[in-house]
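K.L.:
Let me give you the structure first, and then I'll get to my questions.
Numbering (the working numbering), first residue to last: 148 to 266.
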C-alpha cells in the first residue's frame, strides 16, 4: 500500500520517478492500493505516470484501490485515464472526487462511459 494522502509538498519532479519505480517489479506485482488524495501540486506529468501504471501490462496489474481525490486533471488526461481504467483487470475501488469530471461536457460523458464500462 502506498498512501500519500495530503502530501501537498510533493510535486511532479518527485512523483514521476517514484511512480515509474512502481511500474517495475516487484512493486508492480504487489501494489494493491495507491492513494494520492490531496496531492495538489502534481501536474500532467504525474498523471501520465499514473496512467502508465494503470494501463501498461507491466504496470500495477494487481492494483485494486486508486484514490486521486483532489488531483486536478485536464480533459486530455481524463480521457486517457478513464480509457486505462476501463481495461484494467483488477481495479475495484476508484475515488475521483474533485478531479474535474463533474461538468456536462462531451469529454466527461465519454469518461463516465469508460468508467461505468470498466471490468
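Each residue gets a CB set at the ideal place from its N, CA and C atoms; glycine is no exception. Keep in mind the model is a prediction, meaning the values are calculated, not measured.
With DSSP as the reference, identify every bridge partner of residue 212, one or two as the case may be.
P.N.:
The count along the chain shown starts at 1 and reaches residue 212 at position 65. Per DSSP, 180, 240.
K.L.:
Take the Cβ of residue 237 as the centre, count every other Cβ of all protein chains shown within 10 Å, and call the residue buried at 16 or more, exposed below.
P.N.:
By one-based count along the chain shown, residue 237 stands at place 90. With fewer than 16 other Cβ atoms within 10 Å, it is exposed.
K.L.:
Under 8 Å, Cβ to Cβ, is there at least one residue of chain C near residue 237?
P.N.:
No chain C is part of this structure, which consists of one protein chain only.
K.L.:
Judging by CA-CA distance, which residue of 253, 200, 153 is the nearest neighbour of residue 231?
P.N.:
Position 84 of the chain shown, counted from the first residue, corresponds to residue 231. Considering only alpha carbons, the answer is 200.
K.L.:
Under a Cβ-count criterion, where at least 16 other Cβ atoms within 10 Å of its own Cβ denotes burial, should residue 253 be classed as buried or exposed?
P.N.:
As a first step, residue 253 must be located in the chain shown, where it is residue number 106. The residue is exposed, with fewer than 16 neighbouring Cβ atoms inside 10 Å.
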